[in-house]
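Novice: These protein sequence lines are chains A and B, in that order. Throughout, the numbering used here is defined as the position within the first sequence, counted from one, plus 287. Throughout, the numbering used here is defined as the position within the second sequence, counted from one, plus 10. For glycine and all other residues, C-beta sits at the position ideal for the given N, C-alpha and C.
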Amino acid sequence: MSDLVQKLAHTFGALAELGQEISESNNLEVTARTSLHMVLGSVAIMRGAIALYDGRNCVLSILAGRGVGSENIDPIICEDGSTASLGLGGIRLICTQEAMNTSGFPAAVSKLLNLVGAENMIPLVVRGNLLGLLFLGEKASGEPFSTDDREILCAMARHIAVGLQEHNNREELESRAREIQSLYEGMRAIYKDTVRAFAVAIDCKDKYTQGHSERVGRYSEIIARELGWPEEEVEGMAVAGYLHDIGKLVVDRDIINAPYRIDAKQSSELNRHPGAGFEILSPIRHPYADIPLMARHHHERLDGRGYPDGLTGEQIPLGVRIVTLADSFDAMTTDRPYRRRRTLEEVIADLRKNTGSQFSVEVVIALCRALFNEGLHAIERKLSWLQGPSAKTRVVVGDGTQVIAANVNIVFTEHDNTIARGCVFSDLLRQSPRQWMRRCVRIRSQQSKI
Amino acid sequence: MSDADLSPVRSRNLGELAVVYAGDYLNKLSGERIERECRKQLESGCRALVINFKETELVNSIGVSILLGVIDAAGNVGAKLVFSDVNNHTVQLFEMLGLTRHVAFAADEAEALSSLRCATSRRA
């Protein structure tokens with residue numbers, strides 16, 4: 288192979304590899320280091336560096352260096368703003384000694400050149416914008432740069448400049464994406480606060496069910512999460528729970544607060560609230576799907592005996608079925624003017640009786656599983672301060688507030704707490720939620736006999 | 011980076027002499043480890059280095075840049091540098107790029123060590 292052919296093969300190989308590196312890599316530092324190797328190795332230059340010019344903050348900083356002590360060079364602030372003017376001349380090889388003697392040469396670049404000690408430099412420019420500087424020492428051969436050398440070095444500098452531009456574009460895009468994400472999160476927070484405020488307003492109208500909407504929101508969220516829904520949709524279910532009764536805002540307060548079982552006419556008036564809720568919520572662009580529909584259909588039943596549309600089975604979306612159960616569960620476990628809250632046995636009996644006709648099986652199982660898990664946590668908390676060989680405790684299924692207002696009494700009859708903990712947990716963990724529920728009820732009934 | 015890229019650079023220290031095996035690293039960024047190994051040998055007092063190119067098929071622009079780094083490091087401490095077992099194609103490339111001004115060449119590792127030992131004993 289002749290010298291010329293071999294030289295061409297080597298330099299074009301370097302150019303091709305540089306293009307590949309620039310287009311494939313996402314790591315600026317690695318790309319800069321690799322690019323510098325390729326530039327220096329293409330014509331065998333002993334020393335060199337790539338500096339990044341941050342036009343926004345007017346700072347020049349070394350990205351990669353070879354043989355110039357770059358690790359000890361701090362970023363330089365370009366105080367006079369003239370550095371950017373180097374971009375106006377485009378990409379060309381500049382003899383630094385000559386350039387530094389010309390008037391108006393940027394002081395910051397002179398300072399950096401003195402630190403790097405490079406004899407040549409190429410401004411890295413895209414469309415007249417200075418993005419960086421490529422500093423180059425002398426060739427290993429000691430010969431001056433030939434015209435071919437200059438051309439190949441400028442071609443490589445163009446590649447690097449495009450790489451820097453792409454990096455800047457990506458950074459800007461990421462920064463804007465972060466900004467938009469932050470705005471979006473802010474708007475979502477405002478939306479959630481507004482929804483909560485609505486929930487409070489709805490519940491204020493009904494003195495007997497204060498906190499109902501908030502609890503239905505929580506239960507809906509818990510069930511959806513238990514069903515393995517994505518977090519975004521779980522949030523949507525919480526919102527659906529908060530707003531499911533918004534239609535009650537148009538129902539007469541006396542009917543809502545009647546301290547007795549309401550008559551048929553009043554009942555018909557009250558039954559308007561799902562449709563009214565749908566009307567109120569429909570014009571709003573919610574960040575979650577089907578919020579108005581969940582308000583409209585939360586009194587539908589699988590057997591078609593619900594209202595307002597008498598939907599059946601699969602016609603009722605899963606989200607609606609979740610809100611329906613959450614709503615009923617809260618109604619069962621809180622005091623109403625015409626009846627006291629039900630016991631856990633009664634709640635479970637009611638769930639059993641109505642699963643398949645009113646409530647969806649998978650949703651009931653998810654609620655039971657959530658109760659089971661809450662129960663385990665509550666037991667664990669309680670066990671941590673249990674004393675004595677035979678302990679009797681009352682465990683609130685929930686987080687100790689009124690999250691799930693069902694009480695479970697469990698009697699521990701093991702020899703000591705450690706054994707009790709082990710036995711109770713291993714025993715419970717072997718059981719399905721339904722079995723566990725039955726066991727809780729059995730234990731409670733045994734306890735009441737003690 | 012493949013497992014091969016993570017394997018240590020092979021070298022052997024013979025007191026003031028050291029041999030570093032270039033392997034097939036001199037066409038990618040992981041070849042910087044060759045330079046680091048050479049610098050390590052120089053810092054530990056080695057004053058003559060042999061770089062063995064027996065398993066090196068290709069030296070590209072990255073490899074040339076890395077070798078220039080080794081030449082620079084050796085020059086800074088006055089150490090001798092010999093490239094051994096370099097194939098013809100690579101020798102031509104080094105000649106064309108002017109690397110031959112800075113390093114000696116030997117047909118194989120034994121010849122490189124022998125020439126360096128002679129030089130060392132003459133100096134003594």
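(1) Would you mind reading off the limits of the beta strand (DSSP E) that contains A:Ile-337?
(2) If we cut at 8 angstroms on Cβ distances, does B:Arg-43 have a partner in chain A?
(3) Under the rule that 16 or more other beta-carbon atoms within 10 Å means buried, what is A:Lys-552, buried or exposed?
(4) A:Leu-327 touches chain B at which residues, Cβ-Cβ below 7 angstroms?
(5) Along the beta strand (DSSP E) that carries B:Val-92, what are the first and last residues, could you check?
(6) Where does B:Ser-21 fall in DSSP's three states?
(7) Hey, is the stretch 505-514 of chain A in contact with the stretch 602-620 of chain A, meaning 3+ C-beta pairs nearer than 8 angstroms?
(8) Cβ of B:Gln-51 less than 8 angstroms from any chain A Cβ?
(9) Taking its Cβ as the centre, do 16 or more other Cβ atoms sit within 10 Å of A:Arg-353, making it buried, or is it exposed?
(10) Tell me whether A:Val-711 sits in a helix, a strand or coil according to DSSP, three-state version.
(11) So the candidates are A:Leu-291, A:Ala-296 and A:Gly-606; which of them puts its Cα closest to the Cα of A:Gly-515?
(12) Does the beta carbon of A:Met-408 come closer than 8 angstroms to any beta carbon on chain B?
(13) Taking Cβ-Cβ distances shorter than 8 angstroms, what residues in chain A pair up with B:Arg-111?
(14) Can you check DSSP and say which residues form a bridge with A:Thr-642?
(15) How far does the alpha helix (DSSP H) with A:Phe-299 in it extend, from its first residue to its last?
(16) Select from A:Leu-350, A:Arg-548 and A:Met-333 the residue whose C-alpha is nearest the C-alpha of A:Ile-360.
(17) For B:Ile-72, would you say it is in contact with chain A, using Cβ-to-Cβ distances shorter than 8 angstroms as the test?
(18) Per DSSP, A:Ser-348 is paired with what?
(19) Identify the contact partners of B:Gly-108 in chain A, using a Cβ-Cβ distance below 8 angstroms as the criterion.
(20) Mind checking whether A:Ile-533 and A:Ile-567 have CB atoms under 8 angstroms apart?
(21) According to DSSP, which residues form a beta bridge with A:Lys-426?
(22) Apply the 10 Å Cβ neighbour rule to A:Ser-462 and answer buried if 16 or more other Cβ atoms are within range, or exposed otherwise.
(23) Consult DSSP for A:Asn-558 and reduce its assignment to one of helix, strand or coil.
(24) What residues in its chain sit with their C-beta under 8 angstroms from that of A:Ser-322, if we drop five residues either side in the sequence?
(25) For A:Gly-564, is the classification buried or exposed, using 16 other Cβ atoms within 10 angstroms of its Cβ as the cut-off for buried?
(26) State yes or no: is the beta carbon of B:Asp-118 nearer than 8 angstroms to at least one beta carbon in chain A?
(27) Does chain B have any CB closer than 8 angstroms to the CB of A:Arg-353?
(28) What distance in whole Å lies between the Cβ atoms of B:Leu-52 and B:Ala-83, which are believed to be in contact at a cut-off of 8 angstroms?
(29) Return the chain-ordered list of same chain residues with a C-beta closer than 7 angstroms to the C-beta of A:Leu-327, the five sequence neighbours on each side being excluded.
(30) Tell me where the beta strand (DSSP E) around A:Asn-407 begins and ends.
(31) Run through the stretch 24-60 of chain B for me and flag every whole beta strand (DSSP E) of 3 or more residues, listed as ranges in chain order.
(32) Would you identify the three-state DSSP class for A:Leu-514, choosing helix, strand or coil?
(33) Helix, strand or coil for A:Arg-353? Go by DSSP, reduced to three states.
(34) A:Ala-618 lies in the beta strand (DSSP E); which residues open and close that run?
(35) Between which two residues does the alpha helix (DSSP H) holding B:Phe-63 run?
(36) Tell me which residue opens and which closes the beta strand (DSSP E) that B:Phe-115 is part of.
Specialist: This is what the structure gives:
(1) 335-341
(2) no
(3) exposed
(4) Ser-75 and Leu-78
(5) 90-94
(6) strand
(7) yes
(8) no
(9) buried
(10) In this prediction, A:Val-711 scores a pLDDT of 33, lower than 50, which makes its location untrustworthy; no coordinate-derived value is stated.
(11) A:Gly-606
(12) no
(13) Ala-427, Ser-428 and Gly-429
(14) A:Phe-646
(15) 290-311
(16) A:Leu-350
(17) yes
(18) A:Leu-339
(19) Ala-331, Lys-426, Ala-427, Ser-428, Gly-429 and Glu-430
(20) yes
(21) A:Ile-332
(22) exposed
(23) coil
(24) Leu-305, Glu-308, Ile-309, Ile-337, Ala-351, Met-443, His-446, Ile-447 and Gly-450
(25) buried
(26) no
(27) yes
(28) 6 angstroms
(29) Gly-335 and Arg-353
(30) 407-413
(31) 27-31
(32) coil
(33) strand
(34) Looking at the DSSP string, A:Ala-618 is not in any beta strand (DSSP E); the run it does join, the alpha helix (DSSP H), is 605-619.
(35) Segment: none, B:Phe-63 is in no alpha helix (DSSP H) and carries neither H nor E.
(36) 114-116
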